[in-house]
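Numbering (our numbering), first residue to last: 49 to 194.
We treat Cβ as the ideally placed atom computed from N, Cα and C, and that holds for glycine.
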């Protein structure tokens, strides 16, 4: 499950670049076949990243709490999972609307890919910061398993 989520994070920005395609890629011109292939790739990659994430959240909770998944915890995790879609849709539409005012469609796909890469790097930085903070707490006399 984690492997498919990571592969989505690697390949999805590449797919975004090919929707237009971005003008920096001079050897590929826009065509219907290329657009259909790109949309098909997005149709495969997005569910690969989204579907396993809820199962991963359940497994992480169980690992931290002795194999138990309380009903209230499952409700909170499902609520967070379901809320991420409307928030993502809102942010995507707002960002693409702002970008579309200033650049052409071909450049906007590259900008959206850059936004996706920036978001992924921010998530990685956050996870590394949490990991380092947890490592420091393990060494202290008061350990909190959060």
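Query	Result
The region 78-94 / the region 59-69 touching (three or more Cβ pairs under 8 Å)	yes
Distance between residue 102 and residue 80 (C-alpha atoms, nearest Å)	35 Å
Delimiting residues of the alpha helix (DSSP H) encompassing residue 78	Note, residue 78: premise wrong, no alpha helix (DSSP H); not H, not E.
Residue 100 versus residue 75 - alpha carbon distance	36 Å
Complete beta strand (DSSP E) runs within the region 87-147 (minimum length 3 residues, chain order)	none
Buried or exposed (CB count within 10 angstroms, at least 16 for buried), residue 156	buried
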